[in-house]
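S.K.: I have a structure here, written as C-alpha cells, and I will follow up with some questions on it.
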Amino acid sequence: MQNSQKLPKGRIATTQPSLHWLEGNWGLQPKRTSNTGERSLMFDATSAFATIRVLRDLGCNLPIKMWSASREMKKHPADLTTLQELANVDGMGEISFHEVTDSFATGFRTKVHAIYNSNFVRVLFLDADNVPVRDPTFLFQLKEFKETGAIFWPDFWHPTNSIFNIHSQSLIWEMLDIPFANTFKQESGQILVDRRRHAARLELVRHYAFQRSDYDDRMKLIHGDKDLFRFAWLKQLSPVHMIRSPPAIAGKVVNGSFCGMTMAQHGTQGNVLF
C-alpha cells in the first residue's frame, strides 16, 4: 500500500539520491544543476561550508541541495559569496541553492519545507552543523532503510527523564489522537526518508508544522520539529527504523576532566556516524 502512494501534489521526483541541507537559492545559478537522480543531501542554515568540505573530502558525491530564506542571507552576505565560490569549484560535485518562499517557513519549519518540497525521492537531511565522520551514502543501501523507507535517530531524552513536556500525562497524545509512546524522543539533526513511500506522513508533518504549531507552541506541547516526524509516523502506524544506539557525547579532556562539546550519533552497527 505504501509503495503506491503518490508524492505531494505538484512535486516532481527525480531518480537519484541527494543530500538536502537548508540553505537557500538567492538568485544564484551554480554550474551544476542537473537534478538527475534519486538520492540527495539537504542542509539547513548559513554555516554549511565546513560540513560540505568534509563530505566531499570523505568521498561523498551525492548532490547537495541548500535551502534558506533570502532575508537570512542578507544578514550575512559574505556567507553567500563563500558558498557560491565553493559551488563552482571543480571537483565539488553538484551543489544547488533553493529559496524558501513561504513567509511562514521560518525556524524549524524551514526543515519541514525543504524536505516536503524536494524534487528527489530519497533524501538525507542534515543540519548545517552536523558533521559526518564517514561518507553517509551507504545509508541509502541499508536493509533497514529498504524495509521501512525511513531512519530516525534518538535524542538524549526519554519521557521518564526529560527537559521537555512530553511524558505519559502530556496533552499532546490526546490532541493528536495517538497512544503514549514510551520511547526516546527523536533528534532531527539527521533524517533519512523515502518521500514517495512516506508521502502521506510528510503531508501530516507539514500539517503539524504549519497548521498546528503555533497553538502547540503556546501550550508548550512540542519543541520545534524534534518530534513532528515521529508523531506523524506514530499517527499512521507506519514503519520506521529508529537507531538503537543512544546518542553519545563527544568532547575532550581538559586538566583531567572530560568536557562534553557536542552530540555524536551512530549507524545501525553502533559505529559513530555523525
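Reading the sequence shown from the start, the letters are residues 4 to 277 in this note's numbering. The C-beta atom is built at its ideal place from N, Cα and C for all residues, glycine as well.
In angstroms, rounded to a whole number, what distance separates the CA positions of Phe187 and Glu147?
M.R.: Looking at the two C-alpha atoms, the distance is approximately 19 Å.
S.K.: Please state whether the Cβ-Cβ distance between Gly96 and Asn133 is less than 7 Å.
M.R.: No, these two residues do not count as a Cβ contact at 7 Å.
S.K.: With Arg233 as the anchor, note down where its alpha helix (DSSP H) starts and where it stops.
M.R.: Where Arg233 is concerned, the enclosing alpha helix (DSSP H) stretches over 231–238.
S.K.: For Ile252, does the count of other Cβ atoms within 10 angstroms reach 16, so buried, or fall short, so exposed?
M.R.: Exposed, by the Cβ-count rule.
S.K.: If you draw a straight line from the alpha carbon of Ser171 to that of Phe143, how long is it in whole angstroms?
M.R.: Looking at the two C-alpha atoms, the distance is approximately 34 Å.
S.K.: Determine the burial state of Glu177: buried for a count of at least 16 other Cβ atoms within 10 Å of its Cβ, exposed for fewer.
M.R.: Exposed.
S.K.: Is the segment 116–131 in contact with the segment 81–93, if contact means three or more CB pairs nearer than 8 Å?
M.R.: Contact between the segment 116–131 and the segment 81–93 is absent, because fewer than three Cβ pairs lie under 8 Å.
S.K.: Mapping the DSSP letters down to three states, classify Val275 as helix, strand or coil.
M.R.: Note: Val275 maps to strand in three-state DSSP.
S.K.: For the segment 126–192, which segments carrying the alpha helix (DSSP H) assignment without a break, of at least 4 residues, lie completely within its bounds, in sequence order?
M.R.: Counting whole runs of 4 or more residues, the segment 126–192 contains the alpha helix (DSSP H) stretches 146–151, 175–179.
S.K.: Please state whether DSSP places His116 in a helix, a strand or coil.
M.R.: In this structure, His116 counts as helix in the three-state DSSP scheme.
S.K.: So, are the CB atoms of Gln268 and Phe277 less than 7 Å apart?
M.R.: In this structure, Phe277 lies closer than 7 Å to Gln268 by Cβ.
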